[in-house]
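In terms of the numbering used here, the sequence shown opens at residue 898 and continues consecutively.
Don't be surprised by glycine CBs; every beta carbon is placed ideally from N, CA and C.
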Amino acid sequence: MNRNWFLITGLIMLGILLLVTFVGPHFPYVKEGIEEGRIRFLDGGKNLLKAPFTPEQQPPFGSDHEGRDLLSVLIVGAKDTLKIIIGIVVLRYLIAIPLGLLATRKNNPISWIVTTWNNVFSSIPIIFSALLLLAIPALVMNDNRLWWSVLLLALIEVGKVSHIIREETQRIVRKPYIEAGITVGISPLRLALGNILPNTYPAIMVNFFIDIGRTCLLIAQLGIFGVFLSQVFVQTNYGVGEMINTSLNWPTLLGQAKKDMLSSIWIPFWTCIAISFTMFTFTILGEGLRRYFDRKTA
898 MNRNWFLITG LIMLGILLLV TFVGPHFPYV KEGIEEGRIR FLDGGKNLLK
948 APFTPEQQPP FGSDHEGRDL LSVLIVGAKD TLKIIIGIVV LRYLIAIPLG
998 LLATRKNNPI SWIVTTWNNV FSSIPIIFSA LLLLAIPALV MNDNRLWWSV
1048 LLLALIEVGK VSHIIREETQ RIVRKPYIEA GITVGISPLR LALGNILPNT
1098 YPAIMVNFFI DIGRTCLLIA QLGIFGVFLS QVFVQTNYGV GEMINTSLNW
1148 PTLLGQAKKD MLSSIWIPFW TCIAISFTMF TFTILGEGLR RYFDRKTA
């Protein structure tokens, strides 16, 4: 019997990610490494070093611009990063699943909304939609920016997910057992909960995990553009200020990616490795689930 190596690999990678996320921050090395220290004095105070420190000066990954150990920052920031990513996808599916089921019948208002929603946001790259929405002036200075950002990023692809669920549902309702249920007078709600939704479950699960990987890539792109989901305005001089991130999530380390590529390449490099590992974890897991469900229904 052929093993599902995609599913096995995805589960192993997920286990590693969860171990780092929930156990890693409790290690003494990580707790000490997260403390800031922009300046270090050497040779009894005769010489000094300014952060960021190279991997040679602070092994194994070097430090960030605040002088914090980069490995510790990545470990501590994993929880915030996953909370944001999974929060976006969970909210998206909580909205999309009912819409997709209600849009099964053609020529009804919900079907028109799903089709329009999908067409509008599918016509332009998702990163451009995200940049435009997150740059709304009322949102930039909002105290609840994080929650509004999660909601807006979730809504962008609600139409696409609803469209996928609608297509899958329309395929299922043409099955003989569904038509038989309608014939004998089973209520639409009972059919939806007892027969249609359980059969759309495999497609929803596969797309859910793949969407987590895609959302991970999206927030990384936002970080490169210097757009953060949680930020505050800090005055740096008279009449001058800048937006400062208030979280340790991974995309914040990419905020100076252009500059760091020339001066501190280890910061974006190891951050991209962490983001790529997370993205591939959920993408491989999604593909593994697809193969598992395909074999189960074969």
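Inset, instruction - Please name the residue in 1065, 1145, 1116, 907 whose C-alpha comes closest to that of residue 965. - result: Translated into positions along the sequence shown, residue 965 becomes position 68. In terms of Cα proximity to residue 965, the closest of 1065, 1145, 1116, 907 is 1145.
Inset, instruction - Out of 1178, 950, 1116, 1002, state which residue places its alpha-carbon closest to the alpha-carbon of residue 1163. - result: As a working mapping, residue 1163 is identified with position 266 in the sequence shown. It is 950.
Legend entry - Nearest-angstrom Cα separation, counted from residue 1161 out to residue 1148: For the purposes of this step, residue 1148 is identified with residue 251 of the sequence shown, where counting begins at 1. For the purposes of this step, residue 1161 is identified with residue 264 of the sequence shown, where counting begins at 1. In this structure, the alpha-carbon of residue 1148 lies about 16 Å from that of residue 1161.
Legend entry - Whole-Å CB distance - residue 1120 paired with residue 1151, under 8 Å assumed: If you number the sequence shown from 1, residue 1120 lands on position 223. If you number the sequence shown from 1, residue 1151 lands on position 254. That pair is a contact at about 4 Å.
Inset, instruction - Output the distance between the C-alpha atoms of residue 1194 and residue 1012, rounded to the nearest integer angstrom. - result: Counting from one through the sequence shown, the residue named residue 1194 turns up at place 297. Counting from one through the sequence shown, the residue named residue 1012 turns up at place 115. Going from the Cα of residue 1194 to the Cα of residue 1012 covers about 29 Å.
Inset, instruction - Whole angstroms is fine: what's the gap from residue 922's alpha carbon to residue 931's? - result: For the purposes of this step, residue 922 is taken as the residue at position 25 of the sequence shown. For the purposes of this step, residue 931 is taken as the residue at position 34 of the sequence shown. It is roughly 10 Å from the alpha-carbon of residue 922 to the alpha-carbon of residue 931.
Inset, instruction - Answer with buried or exposed for residue 1125, where buried requires no fewer than 16 other C-beta atoms within 10 angstroms of its C-beta. - result: Reading the sequence shown from its first residue, position 228 is the one you call residue 1125. Its Cβ being crowded by 16 or more others within 10 Å, residue 1125 is buried.
Legend entry - Opening and closing residue of the beta strand (DSSP E) in which residue 944 lies: Along the sequence shown, read from residue 1 onward, the residue named residue 944 stands at position 47. For residue 944, the enclosing beta strand (DSSP E) starts and ends at 944-947.
Inset, instruction - Could you spell out where the alpha helix (DSSP H) holding residue 1166 opens and where it closes? - result: The residue given as residue 1166 occupies position 269 in the sequence shown. Looking at the DSSP string, the run of the alpha helix (DSSP H) that includes residue 1166 is 1163-1194.
Legend entry - residue 1004 to residue 1059 span [Cα, whole Å]: Reading the sequence shown from its first residue, position 107 is the one you call residue 1004. Reading the sequence shown from its first residue, position 162 is the one you call residue 1059. If you take the alpha carbons of residue 1004 and residue 1059, they lie about 16 Å apart.
Legend entry - Beta-carbon proximity list for residue 961, same chain, < 8 Å, skipping 5 on both sides: The sequence position of residue 961 within the sequence shown is 64, counting from 1. If we look at residue 961 and ignore the five residues flanking it on each side, its Cβ neighbours are 948, 949, 967, 970, 1150, 1164.
Legend entry - Residue burial classification, residue 1063 (beta-carbon count within 10 angstroms, cutoff 16): Taking the sequence shown and counting its residues from 1, one reaches residue 1063 at position 166. Buried is the call here.
Inset, instruction - Count the other C-beta atoms from every protein chain shown that fall within 10 angstroms of the C-beta of residue 977, then say buried if there are 16 or more, exposed otherwise. - result: Position 80 of the sequence shown holds residue 977. The residue is buried, with at least 16 neighbouring Cβ atoms inside 10 Å.
Inset, instruction - Starting from residue 960, follow its DSSP beta bridges and name the residues at the other end. - result: As a first step, residue 960 is located in the sequence shown; it is residue number 63 there, counting from the start. Paired residue(s): 966.
Inset, instruction - Can you give me the Cβ contacts of residue 1183 inside the same chain, cut-off strictly under 6 Å, excluding the 5 residues immediately before and after it? - result: Start at 1 with the first residue of the sequence shown, and residue 1183 comes out as number 286. Around residue 1183: 1103, 1106, 1107.
Inset, instruction - Mind checking which residues open and close the beta strand (DSSP E) that includes residue 938? - result: Along the sequence shown, one-based indexing puts residue 938 at 41. Run containing residue 938: 936-939, per the beta strand (DSSP E) assignment.
Inset, instruction - Check whether the Cβ of residue 1105 lies closer than 8 Å to any Cβ atom in chain B. - result: Annotation note: the requested chain B is absent from the structure, which comprises a single protein chain.
Legend entry - Burial state of residue 929 (16 or more Cβ within 10 Å): Here residue 929 is taken as the residue at index 32 of the sequence shown, counted from 1. By the neighbour-count criterion, in which 16 or more other beta carbons inside 10 Å mark a residue as buried, residue 929 falls on the exposed side.
Inset, instruction - Quick one: using the 10 Å Cβ neighbour count with 16 as the cut-off for buried, is residue 916 buried or exposed? - result: By 1-based counting over the sequence shown, the position of residue 916 is 19. Classification for residue 916: exposed.
Legend entry - As assigned by DSSP and simplified to three states, the class of residue 1032: Residue numbering aside, residue 1032 sits at position 135 when the sequence shown is read from its first letter. In the structure shown, residue 1032 adopts coil according to DSSP, grouped into three states.
Inset, instruction - Using 10 angstroms around the beta-carbon of residue 1054, count the other beta-carbons present and answer buried if the total reaches 16, otherwise exposed. - result: Taking the first residue of the sequence shown as position 1, residue 1054 is located at position 157. Residue 1054 is buried by the Cβ-count criterion.
Legend entry - Inter-stretch contact at 8 Å, needing at least 3 Cβ pairs: the stretch 1030-1040 / the stretch 979-994: When C-beta atoms of the stretch 1030-1040 are compared with those of the stretch 979-994, fewer than three pairs fall below 8 Å, so the two segments do not count as touching.
Legend entry - Three-state secondary structure assigned by DSSP to residue 974: The residue given as residue 974 occupies position 77 in the sequence shown. It is helical.
Inset, instruction - Return the residue from the list 1178, 1050, 1169, 1018 that minimises the CA-CA distance to residue 913. - result: As a working note, residue 913 is residue 16 in the sequence shown. Selected option, being the one with the closest Cα: 1178.
Inset, instruction - Can you give me the Cβ contacts of residue 1001 inside the same chain, cut-off strictly under 7 Å, excluding the 5 residues immediately before and after it? - result: If you number the sequence shown from 1, residue 1001 lands on position 104. Excluding positions up to five away in sequence, the list reads 1063, 1066, 1067, 1070.
Inset, instruction - Give the straight-line distance between the Cα atoms of residue 1073 and residue 997, rounded to the nearest whole angstrom. - result: Position 176 of the sequence shown, counted from the first residue, corresponds to residue 1073. Position 100 of the sequence shown, counted from the first residue, corresponds to residue 997. Spanning the two alpha carbons is a distance of roughly 21 Å.
Inset, instruction - Tell me the start and end of each unbroken alpha helix (DSSP H) in the stretch 978-1019 that is at least 4 residues and wholly inside, in chain order. - result: With a minimum length of 4 residues, the continuous alpha helix (DSSP H) runs that stay inside the stretch 978-1019 are 1006-1019.
Legend entry - Assigned secondary structure, residue 1107 (DSSP; H/G/I helix, E/B strand, else coil): As a first step, residue 1107 must be located in the sequence shown, where it is residue number 210. Three-state DSSP puts residue 1107 in a helix.
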